[in-house]
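K.L.:
Can you read through this structure? Questions will come right after.
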Amino acid sequence: MPSSVNFGRPRRALVAITAAIAVVVLGMLGLAAPPAHAADPGKPTIVLVHGAFADSSGWRDVAATLRGEGYPVQTFDNPLRGPAHDSALLEKKLATISGPIVLVGHSYGGAVITNTHDPDVVANVYIAAFAPERGEFVQGLLNPITYPGSRLLPPALQLKVVDDPSGPGGKNLDGYIARPYFHEIFAQDVSTATAADMYAHQKSAALVANLEPSGDPSWRKVPSWYLVSRQDRVIPPALQRFMASRAAPGRTSEINAAHASLVSQPDAVAAVVVKAAGA
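FYI, the numbering for the sequence shown is -38 to -1, 1 to 241, going by mature numbering (1 follows the signal peptide of the UniProt record, and there is no 0).
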């Protein structure tokens, strides 16, 4: 019986050689794909926490910039049910991460990181975000007499009943921004197409989340940074500056952007995160 011949090894070798030649040729032509950025094990993990009326897709460009700088980046799918509920889930996520962590919260996400206490968190970064003191709540901070200017009011702000396992009877009353008002209130400095995409990713927030008193603030023990949005139509800039004066004294900067600065100016937002991470 003739002996069998194994052509697998030569064929695999030929494929490998061909692939290597292709990489060299493409590189000479300037067509080779850029190498993926590997996370630097010596850098803290950045955890990005979105706020109400958004989801984690809003962090897309910020995350890409940070990964390009060598930072490991994760996002948190914020349930938007209330600071205590949401921060408890965030703490469970942080428990799975090894090494130092930098928390970044936008809008209501700031209330969540304020109520998150994990020994590995080395910095908080607030991006046009709520940074409440103990006992304060979102709706109370948005007092139009003290800090006028928010346009997050009816008819722009609408309510609907949603299925919610954490709510009474498996239901909850959620708020969302109606389509005709979303662009001009939430992100007036992005294109119409970008605003439409953001609206499509909008997540409603439980009404009770705005009324729940905050617990002990993590910013009392964790070094914090704050980036104020000067053209914000959701959280008045004066209110942002007030909260920043308590949570991030000496570490506050401003940007000429709308509420969703993470979408309209991701490089500037990422720069503040990098500064906090480096400190």
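Note that CB positions come from ideal geometry on N, CA and C, so glycine has one too.
Which residue from D82, A230, V9 and V87 puts its Cα closest to that of A210?
P.N.:
V87
K.L.:
For L173, name the three-state secondary structure that DSSP assigns.
P.N.:
It is coil, neither helix nor strand.
K.L.:
Are there 16 or more other CB atoms within 10 angstroms of the CB of residue 316, so buried, or fewer, so exposed?
P.N.:
In the structure as shown, the chain starts at -38 and stops at 241, and residue 316 therefore has no counterpart that could be examined.
K.L.:
Do you know how far the Cα of E216 is from the Cα of L(-8)?
P.N.:
Confidence at L(-8) is low in this model, with a pLDDT of 43, below 50, so the placement of that residue should be treated as unreliable; the coordinate-derived value is given next. Going by the C-alpha atoms only, they are around 39 angstroms apart.
K.L.:
For K5, which of helix, strand or coil comes out of DSSP?
P.N.:
The answer is coil: DSSP assigns K5 none of H, G, I, E or B.
K.L.:
Would you be able to state if there are at least three C-beta pairs under 8 angstroms between the segment 174 to 188 and the segment 85 to 102?
P.N.:
yes
K.L.:
Report the partner residues of H68 according to the DSSP bridge assignment.
P.N.:
I89
K.L.:
Please classify Y161: does DSSP put it in a helix, a strand, or coil?
P.N.:
helix
K.L.:
Specify, as a first and last residue, the run of the beta strand (DSSP E) that V35 falls within.
P.N.:
V35 to F38
K.L.:
Cα-Cα, which of R29, G44 and R43 is closest to T37?
P.N.:
R29
K.L.:
S153: buried (16+ other C-beta within 10 angstroms of its C-beta) or exposed?
P.N.:
exposed
K.L.:
According to DSSP, is I217 part of a helix, a strand, or is it coil?
P.N.:
strand
K.L.:
Please report how far the alpha carbon of W181 lies from the alpha carbon of A241, in whole angstroms.
P.N.:
15 angstroms
K.L.:
Do you know whose CA, among P130, R213 and N218, lies nearest A149's CA?
P.N.:
N218
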